[in-house]
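**Q** Position in the sequence shown (from 1) plus 3 gives the number in my numbering. Every residue, glycine too, gets a C-beta built ideally from N, C-alpha and C.
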Amino acid sequence: MQIQINSDKNIAVDEAISTFITDELTRALTHFESRLTRVEVHLSDANADKSGPRDKRCLIEVRPRNHQPVTTSDEGSNVEQTVKGAANKMKNALQTLFDRQSNPRK
Numbered sequence: 004m005q006i007q008i009n010s011d012k013n014i015a016v017d018e019a020i021s022t023f024i025t026d027e028l029t030r031a032l033t034h035f036e037s038r039l040t041r042v043e044v045h046l047s048d049a050n051a052d053k054s055g056p057r058d059k060r061c062l063i064e065v066r067p068r069n070h071q072p073v074t075t076s077d078e079g080s081n082v083e084q085t086v087k088g089a090a091n092k093m094k095n096a097l098q099t100l101f102d103r104q105s106n107p108r109k
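Okay, structure coming up:
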């Protein structure tokens, strides 16, 4: 599973943040790893220099094999919180997608 991290000019992605994101996504998506080709993470800061309660945003786009991309996002006051929220939402979205695929309604 290839993980690509992108951010806007207001969020600096250093080695610690990169490691955190990779670890968090690996934890959340390890069950689906063989079914995924790529994971893209997009981090943004809505208020730039100003702080706010929900100014950070994390959007995760996952590309499952033989499926359209799946996206989830979360907003919060810090990058770690938004990554955890978006990763958990992605885990649930993929679980639903693959459950429907393996158990279609008759």
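Tell me which same chain residues have a C-beta within less than 7 Å of the C-beta of Lys109, skipping the five on either side of it?
**A** Below a pLDDT of 50, predicted positions are generally treated as unreliable, and Lys109, at 49, falls in that range; the measurement from the model is reported next regardless. Nothing listed; no residue qualifies.
**Q** Spell out the partners DSSP gives Leu62 in its beta bridges.
**A** His45 and Ser76
**Q** Does DSSP classify Ile14 as helix, strand or coil?
**A** coil
**Q** Is the beta carbon of Leu32 closer than 8 Å to that of Met93?
**A** yes
**Q** Does DSSP put Asn9 in a helix, in a strand, or in coil?
**A** strand
**Q** Apart from the five residues on each side of it in sequence, which residues of its chain come closer than 6 Å, Cβ to Cβ, to Ala90?
**A** Glu27, Leu28 and Ala31
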